[in-house]
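Number of protein chains: 2
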Amino acid sequence: MKIINKSDLKSLRRSVDQGTEEQRKSVQDIIAQVKTRGDEAVKEYTERFDQASLETFKVSKEEFEQAYASLDGAFVQILQEAADNIRAFHEKQKTTSWFDSSEDGTLLGQKITPIDAAGVYVPGGTAAYPSSVFMNVIPAQVAGVERVVMVTPPGKDGKVPDGVLLAAQILGVEDVFKVGGAQAIAALAYGTETIPSVDKITGPGNVFVALAKREVFGDVDIDMIAGPSEIAILADETARAEEIAADLLSQAEHDARSSSVLVTTSERLAKAVEKEVQSQLDSLPRADIARKSVEDYGMIALCETWAEAVDTINEIAPEHLEIVSEDPFQELGKIKHAGAIFLGPYSSEPVGDYFAGPNHVLPTNGTARFSSPLNVDDFVKKSSVISYSRQALETNVDKIARFARLEGLEAHARAVETRKERWK
Amino acid sequence: MKIINKSDLKSLRRSVDQGTEEQRKSVQDIIAQVKTRGDEAVKEYTERFDQASLETFKVSKEEFEQAYASLDGAFVQILQEAADNIRAFHEKQKTTSWFDSSEDGTLLGQKITPIDAAGVYVPGGTAAYPSSVFMNVIPAQVAGVERVVMVTPPGKDGKVPDGVLLAAQILGVEDVFKVGGAQAIAALAYGTETIPSVDKITGPGNVFVALAKREVFGDVDIDMIAGPSEIAILADETARAEEIAADLLSQAEHDARSSSVLVTTSERLAKAVEKEVQSQLDSLPRADIARKSVEDYGMIALCETWAEAVDTINEIAPEHLEIVSEDPFQELGKIKHAGAIFLGPYSSEPVGDYFAGPNHVLPTNGTARFSSPLNVDDFVKKSSVISYSRQALETNVDKIARFARLEGLEAHARAVETRKERWK
Numbered sequence: 001m002k003i004i005n006k007s008d009l010k011s012l013r014r015s016v017d018q019g020t021e022e023q024r025k026s027v028q029d030i031i032a033q034v035k036t037r038g039d040e041a042v043k044e045y046t047e048r049f050d051q052a053s054l055e056t057f058k059v060s061k062e063e064f065e066q067a068y069a070s071l072d073g074a075f076v077q078i079l080q081e082a083a084d085n086i087r088a089f090h091e092k093q094k095t096t097s098w099f100d101s102s103e104d105g106t107l108l109g110q111k112i113t114p115i116d117a118a119g120v121y122v123p124g125g126t127a128a129y130p131s132s133v134f135m136n137v138i139p140a141q142v143a144g145v146e147r148v149v150m151v152t153p154p155g156k157d158g159k160v161p162d163g164v165l166l167a168a169q170i171l172g173v174e175d176v177f178k179v180g181g182a183q184a185i186a187a188l189a190y191g192t193e194t195i196p197s198v199d200k201i202t203g204p205g206n207v208f209v210a211l212a213k214r215e216v217f218g219d220v221d222i223d224m225i226a227g228p229s230e231i232a233i234l235a236d237e238t239a240r241a242e243e244i245a246a247d248l249l250s251q252a253e254h255d256a257r258s259s260s261v262l263v264t265t266s267e268r269l270a271k272a273v274e275k276e277v278q279s280q281l282d283s284l285p286r287a288d289i290a291r292k293s294v295e296d297y298g299m300i301a302l303c304e305t306w307a308e309a310v311d312t313i314n315e316i317a318p319e320h321l322e323i324v325s326e327d328p329f330q331e332l333g334k335i336k337h338a339g340a341i342f343l344g345p346y347s348s349e350p351v352g353d354y355f356a357g358p359n360h361v362l363p364t365n366g367t368a369r370f371s372s373p374l375n376v377d378d379f380v381k382k383s384s385v386i387s388y389s390r391q392a393l394e395t396n397v398d399k400i401a402r403f404a405r406l407e408g409l410e411a412h413a414r415a416v417e418t419r420k421e422r423w424k
Numbered sequence: 001m002k003i004i005n006k007s008d009l010k011s012l013r014r015s016v017d018q019g020t021e022e023q024r025k026s027v028q029d030i031i032a033q034v035k036t037r038g039d040e041a042v043k044e045y046t047e048r049f050d051q052a053s054l055e056t057f058k059v060s061k062e063e064f065e066q067a068y069a070s071l072d073g074a075f076v077q078i079l080q081e082a083a084d085n086i087r088a089f090h091e092k093q094k095t096t097s098w099f100d101s102s103e104d105g106t107l108l109g110q111k112i113t114p115i116d117a118a119g120v121y122v123p124g125g126t127a128a129y130p131s132s133v134f135m136n137v138i139p140a141q142v143a144g145v146e147r148v149v150m151v152t153p154p155g156k157d158g159k160v161p162d163g164v165l166l167a168a169q170i171l172g173v174e175d176v177f178k179v180g181g182a183q184a185i186a187a188l189a190y191g192t193e194t195i196p197s198v199d200k201i202t203g204p205g206n207v208f209v210a211l212a213k214r215e216v217f218g219d220v221d222i223d224m225i226a227g228p229s230e231i232a233i234l235a236d237e238t239a240r241a242e243e244i245a246a247d248l249l250s251q252a253e254h255d256a257r258s259s260s261v262l263v264t265t266s267e268r269l270a271k272a273v274e275k276e277v278q279s280q281l282d283s284l285p286r287a288d289i290a291r292k293s294v295e296d297y298g299m300i301a302l303c304e305t306w307a308e309a310v311d312t313i314n315e316i317a318p319e320h321l322e323i324v325s326e327d328p329f330q331e332l333g334k335i336k337h338a339g340a341i342f343l344g345p346y347s348s349e350p351v352g353d354y355f356a357g358p359n360h361v362l363p364t365n366g367t368a369r370f371s372s373p374l375n376v377d378d379f380v381k382k383s384s385v386i387s388y389s390r391q392a393l394e395t396n397v398d399k400i401a402r403f404a405r406l407e408g409l410e411a412h413a414r415a416v417e418t419r420k421e422r423w424k
């Protein structure tokens with residue numbers, strides 16, 4: 001991990017994987033096939049891509065029970081507690097319909113309704129991610145979404161990880177389907193005989209999943225296409241190097257393209273962290289990944305002033321930001337762009353990944369400039385409500401008609417003017 | 001306009017114009033050129049596509065003054081009043097940062113910040129749309145966006161419509177650039193020597209504008225790609241046929257692909273509206289457009305029961321919905337999907353286009369199932385805030401570490417565990 005000056009800080013933005021022409025073509029084919037041939041096509045693709053031959057996609061009651069029995073009680077307890085914390089935080093995000101009434105009898109407002117159905121993609125692979133289940137499903141449930149449909153790719157044995165099934169069970173999600181890849185996204189977007197269609201699809205996946213989400217966008221809603229994980233730490237001389245290094249490495253182990261950056265005004269800390277990162281790296285099970293990530297996308301930006309350090313953070317607009325300084329709350333107002341902000345020495349980033357309550361689905365790659373953590377608002381939509389009174393229309397009809405005519409829309413003007421008959 | 005049974009109601013969803021391969025290629029070229037060559041490229045495209053040769057793109061003080069002088073005072077007054085109404089409604093949408101503190105010292109919250117800069121595309125063509133300026137700019141201003149940049153294509157004379165400039169002036173927007181098409185979107189996304197880059201681009205445009213917005217999405221945020229306008233009217237026998245017909249035609253005149261649908265249980269009303277639409281059509285200046293729209297996308301769905309009528313509305317998920325019935329407020333809770341809901345006989349749809357206050361940028365083509373009118377939330381983003389206390393970490397560190405290890409992420413576990421040194 002190199003120590004550099006702010007002026008040497010190159011952009012950390014990594015180009016989004018748009019897939020190859022061939023991959024895109026293949027995804028389009030898969031979607032078209034699933035759209036027209038439904039389950040039959042899903043079955044074929046599951047055999048081809050997952051090497052799993054399934055009679056039915058839906059996870060059975062027995063499979064759920066087996067998963068529950070396979071994990072020890074203490075762990076179930078931890079998951080339950082995490083789910084409760086996440087639910088409690090998201091409950092606070094709920095917004096309500098409102099209206100405003102005028103003396104002339106007019107009422108204007110905003111009605112909030114949940115979307116009907118949400119689909120969650122839970123990635124497969126070596127690691128099981130029950131936390132992904134929680135972070136995608138709970139905001140939807142809190143929003144009041146009636147139907148949550150989960151899809152996750154099966155292994156060659158036709159099974160899905162116990163941790164994922166346990167997490168689904170804890171949340172009461174029964175519609176879990178053993179389907180992955182672009183075929184899963186197509187099934188969620190357009191429905192098949194057994195897999196119900198949804199209105200919004202969230203959750204991370206490989207390049208095929210990301211491309212399929214882009215393709216179906218518009219017919220259904222999707223969440224942001226997530227990039228590699230990122231952490232930036234803003235620290236002064238009060239920070240402990242071992243802790244900072246450990247937190248940087250917690251992101252570096254995710255992916256060789258993850259980025260981890262320390263921004264500080266303390267030369268002592270910079271040097272100590274550089275050393276610590278090296279010494280902690282070697283003993284990590286995922287050392288190869290973490291080392292590559294640190295080499296390519298890790299850096300320590302040594303700034304002249306604290307103001308320069310803060311500016312650097314806002315330029316990066318990191319997914320995760322830790323502030324470890326004398327009085328971190330004092331810095332909060334200066335931070336303009338960050339997905340999640342962790343304050344003080346005890347707010348190690350993994351606290352937020354699993355347990356504290358806020359969502360771990362966060363804007364990456366500088367998109368914190370304009371996007372937000374996954375939240376309850378993502379699963380509701382607004383409708384404007386307009387109840388115009390006779391008095392209001394009498395007062396304003398000529399103004400509205402004139403405005404419409406200026407824009408060249410005569411039928412608009414006449415529509416309001418027909419009401420004049422009512423008070424003639 | 002045909003009267004049909006509910007069972008004959010075909011989907012009104014129109015396929016989104018994805019452009020031709022050639023158009024997409026051309027848009028990609030334009031974006032690449034503007035990205036590398038800046039103003040020079042913008043100048044060339046403006047000459048080629050708008051036949052306008054401009055020395056500078058920025059609208060000058062003199063041009064603003066001229067526009068102001070060219071419009072009469074009464075009209076300026078109407079625009080000012082409309083802007084005030086729109087601002088008042090959007091002020092009510094503002095949300096605030098919040099936090100929640102636990103006895104153990106932990107503080108969790110959500111910080112709201114505006115995006116730094118917003119870009120608005122105002123379409124050109126024959127009609128000037130000051131209302132588009134209001135509806136796109138005001139939510140951004142209310143959100144606290146510091147910089148609003150407006151672009152609009154110049155005519156061959158190098159000028160932009162007075163109404164648009166007047167609307168910008170009323171809102172205090174000074175950064176108005178005479179640039180249109182894909183080149184304008186590229187300039188907003190990546191900036192040029194004279195046109196500042198923004199974080200989010202909103203506003204409707206032709207297919208080149210829509211394609212360009214899709215291309216730059218991810219580097220900046222965009223609003224939904226809008227489809228043709230739509231109205232659905234849910235009415236019972238208390239409705240007046242002349243008013244219903246006039247309101248249907250107010251959407252039909254927008255575009256030959258606009259859709260206008262009456263859903264009713266009253267056969268008398270259905271027949272009367274059918275007749276009225278025909279007789280009102282002929283005298284409209286935009287009769288050709290409206291007739292084509294009514295023929296292709298207009299219909300009267302006659303339902304057996306009111307419940308069936310309500311279901312039909314929810315299936316359509318219309319952009320604009322009028323409810324003209326005995327007690328429209330009683331119906332509000334049954335409506336699940338609609339961009340804007342107009343209640344009662346005086347709430348003619350054009351009331352909402354210009355004047356009442358709610359936004360006229362609404363979800364089209366059934367996307368009201370999952371999206372919302374343009375609103376203040378579109379110009380802010382959230383950051384989670386996590387300040388974990390020492391006590392909370394002591395209590396939970398082992399659970400968090402265990403959760404991390406289950407997901408195969410050892411560095412995550414170690415990051416929280418390093419803190420144990422502090423209470424050893």
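Those protein sequences? They're chains L and D, same order as listed.
Numbering of the first sequence is given in the UniProt record's numbering, commencing with residue 1 and proceeding in unit increments.
Numbering of the second sequence is given in the UniProt record's numbering, commencing with residue 1 and proceeding in unit increments.
Note that CB positions come from ideal geometry on N, CA and C, so glycine has one too.
Q | Cutoff 7 Å; reference L:MET267; Cβ partners in own chain excluding five residues on either side | A | This sequence places Glu at residue 267 of chain L; Met is not what is there. Contacts found: LEU302.
Q.
By the DSSP assignment, the alpha helix (DSSP H) with D:LYS25 in it spans what residues?
A. According to the DSSP assignment, D:LYS25 belongs to the alpha helix (DSSP H) that extends over 21-37.
Q | Between the CA atoms of D:ARG214 and D:SER383 - distance to the nearest angstrom | A | Straight-line measurement puts the Cα of D:ARG214 at about 25 Å from the Cα of D:SER383.
Q | Under 8 Å between C-beta atoms of D:PRO228 and D:ARG414 | A | One thing to note: D:PRO228 has its Cβ no nearer than 8 Å to the Cβ of D:ARG414.
Q: Would you kindly report the start and end of the unbroken alpha helix (DSSP H) that includes L:THR312?
A: For L:THR312, the uninterrupted alpha helix (DSSP H) run begins and ends at 306-316, by DSSP.
Q. What is the DSSP secondary structure of L:VAL145, counted as helix, strand or coil?
A. Of the three classes helix, strand and coil, the one that applies to L:VAL145 here is coil, per DSSP.
Q) With which residues is L:HIS320 paired in a DSSP beta bridge? A) According to DSSP, L:HIS320 bridges with L:ILE231, L:ALA340.
Q: Would you list, in chain order, the members of the stretch 370-383 of chain D that have their beta-carbon closer than 8 Å to a beta-carbon of chain L?
A: Those would be PHE370, SER371, SER372, PRO373, ASN375, ASP377, LYS381, LYS382, SER383, in chain order.
(Q) Let me make sure I understand the geometry here. Which of L:THR20, L:LYS178, L:PRO123 has the alpha-carbon closest to that of L:THR56? (A) Cα-wise, what sits closest to L:THR56 is L:LYS178.
Q. For L:LEU321 versus L:ILE300, is the C-beta spacing smaller than 8 Å?
A. No, they are not a contact pair.
Q | Reference D:PHE370; option with closest CA among D:LEU343, D:PHE379, D:GLU315 | A | Nearest C-alpha to D:PHE370: D:GLU315.
(Q) Rounded to the nearest angstrom, what separates D:GLY298 and L:TYR68 at their Cα positions? (A) Their backbone Cα atoms lie some 54 Å apart in a straight line.
**Q.** Proximity winner among D:PHE217, D:ILE86, D:GLY352, relative to D:ILE231 (alpha-carbon distances)
**A.** Of the candidates D:PHE217, D:ILE86, D:GLY352, the one whose C-alpha sits nearest the C-alpha of D:ILE231 is D:GLY352.
Q) Can you give the Cα-Cα distance for D:ALA32 and D:GLN183, rounded to whole angstroms? A) Rounded to the nearest angstrom, the two C-alpha atoms are 10 Å apart.
(Q) Assuming the contact rule is C-beta atoms closer than 8 Å, L:VAL310 and L:GLU331 should be a hit. Round their C-beta distance to whole Å, please. (A) Indeed, because the Cβ distance is near 7 Å, the residues count as touching under 8 Å.
**Q.** Alpha carbon of L:ARG405 to alpha carbon of D:SER250, nearest angstrom
**A.** Answer to the nearest angstrom: the Cα atoms are 12 Å apart.
Q: Determine whether the Cβ of L:ARG147 lies closer than 8 Å to any Cβ atom of chain D.
A: Judged by the 8 Å Cβ criterion, L:ARG147 is not in contact with chain D.
Q) Taking the alpha helix (DSSP H) that D:ASP84 falls in, what are its first and last residues? A) Counting along the chain, the unbroken alpha helix (DSSP H) around D:ASP84 starts and ends at 73-91.
Q. In the DSSP assignment, what residue or residues form a beta bridge with D:TRP423?
A. Residue pairing by DSSP places D:TRP423 opposite no residue, since no beta bridge is assigned to it.
Q. Candidates L:HIS412, L:LEU393, L:TRP423: which alpha carbon is nearest D:PRO285's?
A. Nearest option by C-alpha distance: L:HIS412.
Q: Locate the beta strand (DSSP E) running through D:THR113, then write down its first and last residues.
A: Its beta strand (DSSP E) spans residues 107-114.
Q. Comparing alpha-carbon positions, which option in L:PHE64, L:PHE217, L:THR95 lies nearest L:PRO161?
A. Scanning L:PHE64, L:PHE217, L:THR95 for the CA closest to the CA of L:PRO161 turns up L:PHE64.
Q) Using CA coordinates, which residue listed in L:PHE403, L:LYS275, L:ILE313, L:ILE170 is at the minimum distance from L:ARG240? A) Minimum Cα distance to L:ARG240 is reached at L:LYS275.
Q) Looking at C-beta atoms only, is the number of pairs between the stretch 385-394 of chain D and the stretch 103-117 of chain D that lie closer than 8 Å three or more? A) Segment contact: the stretch 385-394 of chain D against the stretch 103-117 of chain D, three or more CB-CB distances shorter than 8 Å; contact assigned.
Q: Report the partner residues of D:ILE386 according to the DSSP bridge assignment.
A: L:PHE342, D:LEU108, per the DSSP bridge assignment.
Q: Please classify L:THR238: is it buried, with 16 or more other beta-carbons within 10 angstroms of its beta-carbon, or exposed?
A: So L:THR238 ends up on the exposed side.
Q | Residue interval of the alpha helix (DSSP H) (run including L:LEU249) | A | DSSP places L:LEU249 in the uninterrupted alpha helix (DSSP H) bounded by 241-252.
Q: In the DSSP assignment, find the unbroken alpha helix (DSSP H) run with D:VAL261 in it and report its ends.
A: Premise fails: D:VAL261 lies in the beta strand (DSSP E), 259-264, not in any alpha helix (DSSP H).
Q: Report the option in D:GLU81, D:ILE233, D:PHE217, D:ALA290 whose CA atom is closest to the CA atom of D:GLU319.
A: The candidate whose alpha carbon is nearest that of D:GLU319 is D:ILE233.
**Q.** C-beta contact flag for L:LEU343 and D:VAL385 at 8 Å
**A.** Contact: yes.
Q: Scan the stretch 163-189 of chain D for residues whose Cβ lies nearer than 8 Å to a Cβ of chain L and list them as they occur along the chain.
A: So the list reads GLY163, given in the order they occur along the chain.
Q. Using Cβ-Cβ distances below 8 Å, what residues of the stretch 31-57 of chain L are close to chain D?
A. For the stretch 31-57 of chain L, there are no residues whose beta carbon sits under 8 Å from a beta carbon of chain D.
Q. How long is the line joining the alpha carbons of D:GLN93 and L:ASP296, rounded to whole angstroms?
A. So the two alpha carbons sit approximately 43 Å from each other.
**Q.** Cα-Cα separation, D:ILE115 to D:PRO204
**A.** One alpha carbon belongs to D:ILE115, the other to D:PRO204, and they sit about 20 Å apart.
Q) Cα separation between L:VAL148 and L:VAL142? A) Here the alpha carbon of L:VAL148 sits roughly 11 Å from the alpha carbon of L:VAL142.
Q: Could you check which residue in D:PHE208, D:PHE99, D:GLU146 has the C-alpha nearest to that of D:GLY19?
A: When the alpha-carbon of D:GLY19 is set against those of D:PHE208, D:PHE99, D:GLU146, the nearest one is in D:PHE208.
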